[in-house]
Amino acid sequence: MQPSNSRDVRYDDPWYDALASGWGESAGTGVPPARREHGAVAAADIYLDVQRSAAFREVRSRYRRFVVPAVAVFFAWYVAYVVTATTAPQLMARPVAGAVNLGMLAGLGQFLTTFLFTWAYVRHARLRRDRAALELRWDTQELARERGGAS
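Printed below as a string of structure tokens:
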């Protein structure tokens, strides 16, 4: 449920503490401390436990092993395209077929590699991370039910 006005804002709202001091406050009044309920603390402990688990580290590791090299390759390809276009315009203007030149093919190649990387990312996630992440999610929910915390 979305708050309809400022009276509906709860102190345990994560955005409440993010307000800049002095904004929307009366002169001389401070921001009251956020209330911590037992359920919120239990949920925080559960998620910290999950974050420290080997399964979570494995999911993050699989993610990083794909994303870091993919970003590096794509960034290098993009920079090479921009640098070549600015430093060697004669090369990029070289005709390939009719009015189509090397620069146009390289520019279309940028779009093609974007779609290729998207496809590869989705495939990698489906084959190597989704099942492990789903199992981790179920384990987290089971821990929450056992401890009586958030579901």
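According to our numbering, the sequence shown is numbered sequentially starting from 43.
Even glycine gets a Cβ: it sits at the ideal position worked out from N, Cα and C.
Residue environment analysis places Val101 among the buried positions, since at least 16 neighbouring C-beta atoms fall within 10 angstroms of its C-beta. When the beta-carbon positions are compared, Ala118 and Ala186 stay at least 8 Å from each other. Assignment of Ala135 by DSSP, reduced to helix, strand and coil, places it in the coil class. Only exposed fits Thr128, as fewer than 16 other CB atoms lie within 10 angstroms of its CB.
When rounded, the separation of the alpha-carbon atoms in Arg170 and Arg189 is 30 Å. Tyr163 sits away from Phe116, with the two beta carbons spaced by 8 Å or more.
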